[in-house]
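Working notes, beginning with the structure itself.
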Amino acid sequence: EQIVKGGYEHFMLKEIHEQPDAIKDTYRGRLNAKEGLIRMAGIDDNIEKFLNANRIVIIACGTSWHAGLVAEYIFEDLVRIPVEVEYASEFRYRNPVITENDVVIAISQSGETADTLAAIKLAKSKGAFVFGVCNVVGSTIARETHAGAYTHAGPEIGVASTKAFTTQITVLMLIALKLAKEKGSISKSSFHHHLQELELIPGKVKKALKQDEHIKKIAEIYKDAKNCLYLGRGYNFPVALEGALKLKEISYIHAEGYPAAEMKHGPIALIDEHMPVFVIATKKGHYEKVVSNIEEIKARKGKIIGIVTEGDEAVKGLADHVIEVPETLESLSPLLTTIPLQLLSYHIAVLLNRNVDQPRNLAKSVTVE
Ligand code: G6P
247 EQIVKGGYEH FMLKEIHEQP DAIKDTYRGR LNAKEGLIRM AGIDDNIEKF
297 LNANRIVIIA CGTSWHAGLV AEYIFEDLVR IPVEVEYASE FRYRNPVITE
347 NDVVIAISQS GETADTLAAI KLAKSKGAFV FGVCNVVGST IARETHAGAY
397 THAGPEIGVA STKAFTTQIT VLMLIALKLA KEKGSISKSS FHHHLQELEL
447 IPGKVKKALK QDEHIKKIAE IYKDAKNCLY LGRGYNFPVA LEGALKLKEI
497 SYIHAEGYPA AEMKHGPIAL IDEHMPVFVI ATKKGHYEKV VSNIEEIKAR
547 KGKIIGIVTE GDEAVKGLAD HVIEVPETLE SLSPLLTTIP LQLLSYHIAV
597 LLNRNVDQPR NLAKSVTVE
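Taking the UniProt record's numbering, I'd label the letters of the sequence shown as residues 247 to 615.
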C-alpha cells in the first residue's frame, strides 16, 4: 500500500500534492496558448447546442456541486449565459422546469452517484441536452450523458475529494473559454490572458503547496476548535463552502461556509474569542469589502486566518495568521485558494487521529439514495 501511496502517509495527501500534474493532465492536448486554441471534442461536436441554449443548469452533489458553483461564476462572467446550480437530490424530486432549450451539465468524480444519475435521466426525459464532466472513464454517468469531457485527474482514493475538485474547475473553465470565444463574449486579449494564466496554474499550485509546514503549525493551534467559520466572496464563496466541507468530512469539527457579506445576517452572532474564522481575502476578489468583514470579526475577538495574495499587507496587519497564495486572475483563484484549506483540514484530521482516507459514515461514491 505504501507503494501506491507514493511515500505519502495518506492517499489524501498524495492526491493534494498531485494537483499540479492533475491540472496539467486536464488541459493537456486541449489547450494551446500559443495558437490561442481550445480543442474539446465533446464541445466542438455540440457547439450549437451550447450557443443556442437559454440557460445552463448544473447538477451535482458534494464537492462536485461546489465546483458547479464556481462554474456558475465563470460561465455568467465569461459566456454571459444564465446558470443555475442544483443539488441533484433536490432537482430530481421537485418537478423542475426543463426544456429542450436547456443544456444540463452533470458533474461527478465517480460518475456513479445515484442522485446525479437520476437527475440526468429526468433532464433527458424532458428533452435537455446533457453533458457530463466525470473523472472515471467509462462510468455510468459518462455513458448516460449525450456528450462529455473527462477531468483526467487519475484515480482519487481518499474519500475527501481534492484533485477532482480542481480538475473539474479546470475543465469547466476550458469549456467556458471556448464558448466565450465562439460567442464573442470575451475580448481577444482577455481570452489569451486567460489561456496564459491557466498554463501558469500548475506552477502556482506547487508554490501554494510549499506552505505546508506553516499550515501544519496553524492546524496545531486550531485543532481543538469546536466550530469554525469559512468566509469568501464572489469566486471564492464556493471555496469557503468547500473548505468547510473538507474540515467536517475528515476532522468531524463542525464548520460552516458562508458568503462573507451574509455573515451579518446570522453567523456574526457566533463569533467570540473561541471561533476560528478562515477568510479568503485575495487581492482581486472584492478585496476592500472582505477586509471590512475581517475588521468586523476582529471587533468581536474572532480568530482570523486569512488566505491572501503574496505580499499582502492589509490583512496581515489584522489577521492572527495569514497563508499566502500566488497572484492570478480572479476567475482562476479558486484553483489556488482551495489548496491551503485542503492542507489545513488534512493536518487537523491527522493531529486528531482521524481516519483521513476513510472517514466514518462517508463513502467515496454514493450509489444508493
Ligand atoms: C460523496 C463523496 C464526496 C463527493 C460526492 C459526490 O459524498 O464522499 O467526496 O463529492 O459523493 O460524488 P461524485 O462522484 O458524484 O462527484
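Each residue gets a CB set at the ideal place from its N, CA and C atoms; glycine is no exception.
Within the DSSP bridge table, the entry for R301 names D348 as partners. DSSP lists T555 as the beta-bridge partner residues of V571. According to the DSSP secondary-structure assignment, V331 is paired through a beta bridge with I304. One thing to note: E445 has its Cβ no nearer than 8 Å to the Cβ of L589. Contact between V376 and I353 is absent: CB atoms are separated by about 12 Å, not below the 8 Å threshold. In the three-state reduction of the DSSP assignment, N341 falls in the coil class, being assigned neither a helical nor a strand state. CA-CA distance, D291 to T386, rounds to 21 Å.
In the DSSP annotation of this structure, the continuous segment of the alpha helix (DSSP H) that includes I594 starts and ends at P580 to L597. Burial state of A313 is buried, judged by a 10 Å Cβ sphere holding 16 or more other Cβ atoms. Look at V379: its beta carbon is at least 7 Å from all of the heavy atoms in ligand 1.
Counting only the Cα atoms, V451 lies some 16 Å from I526.
Residue side-chain check: T359 places its Cβ nearer than 7 Å to a non-hydrogen atom of ligand 1.
The alpha carbon of K472 has as its nearest neighbour, out of E255, L516 and A410, the alpha carbon of L516. Secondary structure within the stretch 370-427: the alpha helix (DSSP H) runs of 4 or more consecutive residues, fully enclosed, are 386-390 (chain order). When only Cα atoms are considered, L564 and E541 end up about 7 Å apart. Taken through DSSP and simplified to helix, strand or coil, S436 comes out as helix.
A direct Cα-to-Cα measurement between A268 and L259 gives close to 14 Å. The stretch 447-529 is shown to contain whole beta strand (DSSP E) runs of 3 or more residues at 473-478, 500-505 and 522-527, in chain order. Cβ atoms of R338 and D361 come within 8 Å of each other, at about 6 Å.
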